[in-house]
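Take a look at the structure set out below.
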Amino acid sequence: MQNDPATTSFGTKALASALFVLTVGMRVFAQAGGQAAGLPPIEDPKNRITQLDEVEDYSEDVANTFVEWSDKVRRRDFAACADLLADDFRGHDLGHVGKETEKEFPLSITKTTWEVQAPVVEKAAFLEALREFVSPLGTIEFFFVKVRGAEFGAGQNIEGAITTRINAIGRASGGGRIGREVHGRAHVMRVDGRWRIDRWAITAATDVRRPESIFTEVARGAGIAHRGPQFGKEGNVSFFWNGAAVSDYDGDGWFDLFVPSQERNFLYRNRGNGTFEEAAESAGLAQPPGGTGAVFFDADNDGDRDLLVAHPGWNDGDGVVGNSTQFHRNDGKGRFTNASAEAGFTELLCGFSPVVADCNNDGWLDVFVCGYQKGGFTGPNSWVDATNGTRNALYVNQGGGKFVDVAQKVGFPTNRWTYAAAWHDYDDDGDQDLYVANDYGPKELWRNDGNLEFTEISQALGVTDVGNGMGCAFADFDSDGDVDLYASNMSSTAGNRILGRLLGSAGADDKGQMLKKFAAGNTLFAYDGKTFAKVDSKFGGVGAAWAWSPQFFDIDLDGDLDLACANGFISGNSLKDT
Numbered sequence: 065m066q067n068d069p070a071t072t073s074f075g076t077k078a079l080a081s082a083l084f085v086l087t088v089g090m091r092v093f094a095q096a097g098g099q100a101a102g103l104p105p106i107e108d109p110k111n112r113i114t115q116l117d118e119v120e121d122y123s124e125d126v127a128n129t130f131v132e133w134s135d136k137v138r139r140r141d142f143a144a145c146a147d148l149l150a151d152d153f154r155g156h157d158l159g160h161v162g163k164e165t166e167k168e169f170p171l172s173i174t175k176t177t178w179e180v181q182a183p184v185v186e187k188a189a190f191l192e193a194l195r196e197f198v199s200p201l202g203t204i205e206f207f208f209v210k211v212r213g214a215e216f217g218a219g220q221n222i223e224g225a226i227t228t229r230i231n232a233i234g235r236a237s238g239g240g241r242i243g244r245e246v247h248g249r250a251h252v253m254r255v256d257g258r259w260r261i262d263r264w265a266i267t268a269a270t271d272v273r274r275p276e277s278i279f280t281e282v283a284r285g286a287g288i289a290h291r292g293p294q295f296g297k298e299g300n301v302s303f304f305w306n307g308a309a310v311s312d313y314d315g316d317g318w319f320d321l322f323v324p325s326q327e328r329n330f331l332y333r334n335r336g337n338g339t340f341e342e343a344a345e346s347a348g349l350a351q352p353p354g355g356t357g358a359v360f361f362d363a364d365n366d367g368d369r370d371l372l373v374a375h376p377g378w379n380d381g382d383g384v385v386g387n388s389t390q391f392h393r394n395d396g397k398g399r400f401t402n403a404s405a406e407a408g409f410t411e412l413l414c415g416f417s418p419v420v421a422d423c424n425n426d427g428w429l430d431v432f433v434c435g436y437q438k439g440g441f442t443g444p445n446s447w448v449d450a451t452n453g454t455r456n457a458l459y460v461n462q463g464g465g466k467f468v469d470v471a472q473k474v475g476f477p478t479n480r481w482t483y484a485a486a487w488h489d490y491d492d493d494g495d496q497d498l499y500v501a502n503d504y505g506p507k508e509l510w511r512n513d514g515n516l517e518f519t520e521i522s523q524a525l526g527v528t529d530v531g532n533g534m535g536c537a538f539a540d541f542d543s544d545g546d547v548d549l550y551a552s553n554m555s556s557t558a559g560n561r562i563l564g565r566l567l568g569s570a571g572a573d574d575k576g577q578m579l580k581k582f583a584a585g586n587t588l589f590a591y592d593g594k595t596f597a598k599v600d601s602k603f604g605g606v607g608a609a610w611a612w613s614p615q616f617f618d619i620d621l622d623g624d625l626d627l628a629c630a631n632g633f634i635s636g637n638s639l640k641d642t
């Protein structure tokens, strides 16, 4: 493996380093050096505006202007793109950025890094260079200009020095994947209520390519392309996000897919020829709707996979909202019966992700269900240590698929915003320990001491990882024989920008570092057999936007574990909705 990271995105993210290859979408997050040439440096304004809310209002206004401009580029409407540039604009030529260096990485990925020596051009030539910049992308899947930093100065017109990053991702006409990234500095002026760029300097540029796609989107052709109404749109009444569960539920040797949804659930039965048929109604799984996470497991040791679906349910004083956790028993022929009450799943719980393990070594699988909050009805009482969430549940299997919740008895939290969890015997003592990802606060590692006794030891082992926790996974990513840990959180360009400005030098203290962690993104911890140590961010795997559900797997069959991490929150008609 090489020691220099390279990534590609939007569907697949491949990061080659001395440690691992990280795959999560096809999007570039490589950093490159370079010195802007032939254009005066774009320095921070002298008469700087220091009022934080005013500066951030201007920053968001510029960012939204770039959103609109990015949309025009995606549509290749370069005439409309001219509106953002001042008449006397001067900037570096995006199409000819200077000397290049190429490196080869696994999966036939080529990364090109430029030593920036771009010529300076005027407005018309810059727009033509922009056209040339995206021309290798036969299909532009993603084009976005990020405002990574901004300072503004007062005067006759407000001016600003903007630190920018351009990402362009798409498919070449021959089917290959291309990710282009350009870092720079722009000088903007606010004239008659509109922002105009009069200078734009390139400071770094990279290009990552692969001759063909690793994955091809086939959901529609395979018959699993159900799409619900978008968040905030008519017909969508839920704040909750649906998980999915995979198993060979009917024992025919092919993996099937269960997806909970708002009005009904979906069960996609694998036909064995690359296509699926929807079978929820005939299998008895179409109702009740509104579930979140789901998991197939053999609850009664009869050789087939039963299904448990977490549901958000509570009593609002006027009646019950939602459902309790739902348990569906498999009859061995692929037909399910709702046996929730019989199995002991009757109490209301704002359940999200369920995870399964035999935590007391009695031969029966048990279930931990993460308790979050009442979906959009309650805000956190603290951004760094919220304690107004809902309780978790640990359903211990009594044999034959009957369960008793012992979470409070063993001391699991009743007030955290728990989003996800993962079982693993990290200390190799023969029983399953539990790592819990909490939103708006510290994560928890519960050491299993046997006999249904657990001790919380995250601080002692350095894995509290304070942040907006939304996922976690165990795996031996560095192939040293010890199983390591990955935790997913939000990474936010705006958050980093605001916290850097807000905290300044105070960000060096413990509290400042804790606050900055909330925008810093994901964390990889290496285990040495005794304790965990945070892996340096230069090895990658950190920035995955609003990150969920990480999973390790060997995508290229080279013996090293790669990592997929879903990302995103709200997707509307504009990038302002994300």
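In this text, residue positions in the sequence shown follow the numbering used here: the first is 65, and each later residue adds one. Just so you know, even glycine gets a beta-carbon here, dropped at the ideal spot from N, CA and C.
For this session: Within its chain, find whatever has a CB closer than 8 Å to the CB of Leu566; leave out the 5 residues flanking it on each side and keep chain order.
Result: As a first step, residue 566 must be located in the sequence shown, where it is residue number 502. Excluding sequence neighbours, Leu566 sits near Leu116.
Exercise. Where Thr519 and Arg511 are concerned, what is the direct C-alpha to C-alpha distance, given to the nearest angstrom?
Worked result: Mapped onto the sequence shown, residue 519 falls at position 455. Mapped onto the sequence shown, residue 511 falls at position 447. Going from the Cα of Thr519 to the Cα of Arg511 covers about 5 Å.
Exercise. So, using beta-carbon positions, are Pro506 and Trp481 closer together than 9 Å?
Worked result: Sequence index remark: in the sequence shown, residue 506 carries index 442 (1-based). Sequence index remark: in the sequence shown, residue 481 carries index 417 (1-based). Contact: no.
Problem set entry | Beta-carbon spacing of Ser556, Ser613 below 9 Å | Residue mapping note: residue 556 aligns to position 492 of the sequence shown, counting from 1. Residue mapping note: residue 613 aligns to position 549 of the sequence shown, counting from 1. No, they are not a contact pair.
Exercise. How is the beta strand (DSSP E) around Tyr490 delimited, first residue to last?
Worked result: For the purposes of this step, residue 490 is taken as residue 426 along the sequence shown, with counting starting at 1. Where Tyr490 is concerned, there is no enclosing beta strand (DSSP E), given that its DSSP letter is neither H nor E.
Exercise. Any chance the stretch 326-335 sits against the stretch 343-357, with 3 or more Cβ pairs inside 8 Å?
Worked result: yes
Problem set entry | Whole-angstrom distance between Ala374 and Asn387, CA atom to CA atom | Translated into the one-based positions of the sequence shown, residue 387 becomes position 323. Translated into the one-based positions of the sequence shown, residue 374 becomes position 310. Distance between the alpha carbons of Asn387 and Ala374 is about 9 Å.
For this session: Note down, in chain order, each residue of its chain lying with its Cβ closer than 7 Å to the Cβ of Thr528, except the 5 sequence neighbours on either side.
Result: Position 464 of the sequence shown holds residue 528. Closer than 7 Å at Cβ, skipping near neighbours: Pro506, Lys507 and Ser522.
For this session: Please say whether Gly202 and Val180 have beta carbons closer to each other than 9 Å?
Result: Within the sequence shown, residue 180 is the residue found at index 116, counting from 1. Within the sequence shown, residue 202 is the residue found at index 138, counting from 1. Cβ atoms of Val180 and Gly202: not closer than 9 Å.
Problem set entry | Residues that Asn402 bridges to, as DSSP identifies them | Translated into the one-based positions of the sequence shown, residue 402 becomes position 338. Beta-bridge pairing links Asn402 to His392.
Exercise. Which two residues bound the contiguous beta strand (DSSP E) that contains Tyr499?
Worked result: Position 435 of the sequence shown, counting from 1, holds the residue named residue 499. Element bounds for Tyr499: Asp497 to Asp503.
Exercise. Between which two residues does the beta strand (DSSP E) carrying Ser55 extend?
Worked result: The structure shown does not extend to residue 55, since the chain is modelled only from 65 through 642, so no value can be given for it.
For this session: For Met90, name the three-state secondary structure that DSSP assigns.
Result: Start at 1 with the first residue of the sequence shown, and residue 90 comes out as number 26. For Met90, the predicted structure reports a pLDDT of 25, less than 50, and the residue's modelled location is therefore unreliable. A value from the coordinates is still provided. DSSP places Met90 in coil when its eight states are reduced to three.
Exercise. Which residues in the same chain as Cys145 place their Cβ atom closer than 7 Å to its Cβ, once the five residues preceding and following it in sequence are excluded?
Worked result: Position 81 of the sequence shown, counted from the start, is the residue given in the question as residue 145. If we look at Cys145 and ignore the five residues flanking it on each side, its Cβ neighbours are Trp133, Lys136, Val137, Leu191 and Leu194.
For this session: Can you have a look at Ala524 and say buried or exposed, based on whether 16 or more other CB atoms are within 10 angstroms of its CB?
Result: Here residue 524 refers to the residue found at position 460 when the sequence shown is read from its first residue. Answer is exposed; the Cβ neighbour count stays below 16.
Exercise. What does Glu168 pair with, by DSSP beta-bridge criteria?
Worked result: Position 104 of the sequence shown, counted from the first residue, corresponds to residue 168. Thr174, per the DSSP bridge assignment.
Problem set entry | Helix, strand or coil at Phe190 [DSSP, three-state] | Along the sequence shown, one-based indexing puts residue 190 at 126. Phe190 falls in the helix class under three-state DSSP.
For this session: With Asp552 as the anchor, note down where its beta strand (DSSP E) starts and where it stops.
Result: Start at 1 with the first residue of the sequence shown, and residue 552 comes out as number 488. Per the sequence presented here, residue 552 reads as Ser, with Asp not at that position. Start and end: Asp548 to Ser552.
Problem set entry | Segment contact flag, the stretch 388-397 with the stretch 333-344, C-beta cutoff 8 Å, min 3 pairs | no
Exercise. Which first and last residues belong to the beta strand (DSSP E) in which Trp510 is found?
Worked result: The sequence position of residue 510 within the sequence shown is 446, counting from 1. From DSSP, the beta strand (DSSP E) with Trp510 extends over Glu508 to Asn512.
Exercise. Between Phe603, Tyr122 and Asp618, which lies nearest to Arg258 when the distance is taken from Cα to Cα?
Worked result: The sequence position of residue 258 within the sequence shown is 194, counting from 1. Among Phe603, Tyr122 and Asp618, the Cα nearest to that of Arg258 belongs to Tyr122.
For this session: Could you have a look at Glu223 and say whether DSSP puts it in helix, strand or coil?
Result: Translated into the one-based positions of the sequence shown, residue 223 becomes position 159. Residue state, collapsed to three classes: strand.
Exercise. Does the Cβ of Arg291 have 16 or more other Cβ atoms within 10 Å, making it buried, or fewer, making it exposed?
Worked result: Residue mapping note: residue 291 aligns to position 227 of the sequence shown, counting from 1. So Arg291 counts as exposed.
Exercise. Do Asn394 and Arg650 come within 9 Å of each other at the CB atom, strictly closer than that value?
Worked result: Beyond the ends of the chain as shown, which are 65 and 642, falls residue 650; an answer cannot be given.
For this session: Could you check which residue in Leu509, Asn560, Ile562 and Asp542 has the C-alpha nearest to that of Cys536?
Result: Working through the sequence shown from its first residue, we reach residue 536 at position 472. Ranking Leu509, Asn560, Ile562 and Asp542 by Cα distance to Cys536 puts Leu509 first.
Problem set entry | Integer-rounded CB distance, given that Ser417 should sit under 8 Å from Gly357 | The residue labelled residue 357 in the question sits at position 293 within the sequence shown. The residue labelled residue 417 in the question sits at position 353 within the sequence shown. Rounded, the Cβ-Cβ distance is 4 Å, consistent with contact.
Exercise. Relative to the alpha-carbon of Asp262, which residue among Leu349, His247, Gly623 and Pro104 has its alpha-carbon at the smallest distance?
Worked result: Here residue 262 refers to the residue found at position 198 of the sequence shown. Comparing Cα positions, the closest option is Pro104.
Exercise. Of the choices Val126, Asp382 and Phe596, whose alpha-carbon is the least far from that of Asp491?
Worked result: As a first step, residue 491 must be located in the sequence shown, where it is residue number 427. Closest option to Asp491, Cα to Cα, is Phe596.
Exercise. Does the beta-carbon distance from Asp422 to Asn456 come in below 9 Å?
Worked result: The residue given as residue 422 occupies position 358 in the sequence shown. The residue given as residue 456 occupies position 392 in the sequence shown. Their beta carbons are not under 9 Å apart, which means Asp422 does not touch Asn456 by this criterion.
Exercise. Is the CB-CB distance between Ala501 and Met554 below 9 Å?
Worked result: As a position in the sequence shown, residue 501 is number 437, starting the count at 1. As a position in the sequence shown, residue 554 is number 490, starting the count at 1. No, the pair does not count as a contact, with Cβ atoms beyond the cut-off.
Problem set entry | Cβ-Cβ distance between Gln437 and Thr454 below 9 Å | The sequence position of residue 437 within the sequence shown is 373, counting from 1. The sequence position of residue 454 within the sequence shown is 390, counting from 1. Cβ distance < 9 Å, so Gln437 and Thr454 count as in contact.
Exercise. Is Trp133 helix, strand or coil by DSSP?
Worked result: Along the sequence shown, one-based indexing puts residue 133 at 69. Note: Trp133 maps to helix in three-state DSSP.
For this session: Measure the C-alpha to C-alpha separation of Gly607 and Glu245 and round it to an integer number of angstroms.
Result: Against the sequence shown, residue 607 aligns to sequence position 543. Against the sequence shown, residue 245 aligns to sequence position 181. Those two C-alpha atoms are separated by around 15 Å.
For this session: Answer yes if the stretch 474-489 comes into contact with the stretch 425-436, meaning at least three C-beta pairs across the two stretches below 8 Å, and no otherwise.
Result: yes
For this session: For Gly632, name the three-state secondary structure that DSSP assigns.
Result: The sequence position of residue 632 within the sequence shown is 568, counting from 1. Residue state, collapsed to three classes: coil.
Exercise. Is DSSP giving Leu627 helix, strand or coil here?
Worked result: By one-based count along the sequence shown, residue 627 stands at place 563. Note: Leu627 maps to strand in three-state DSSP.
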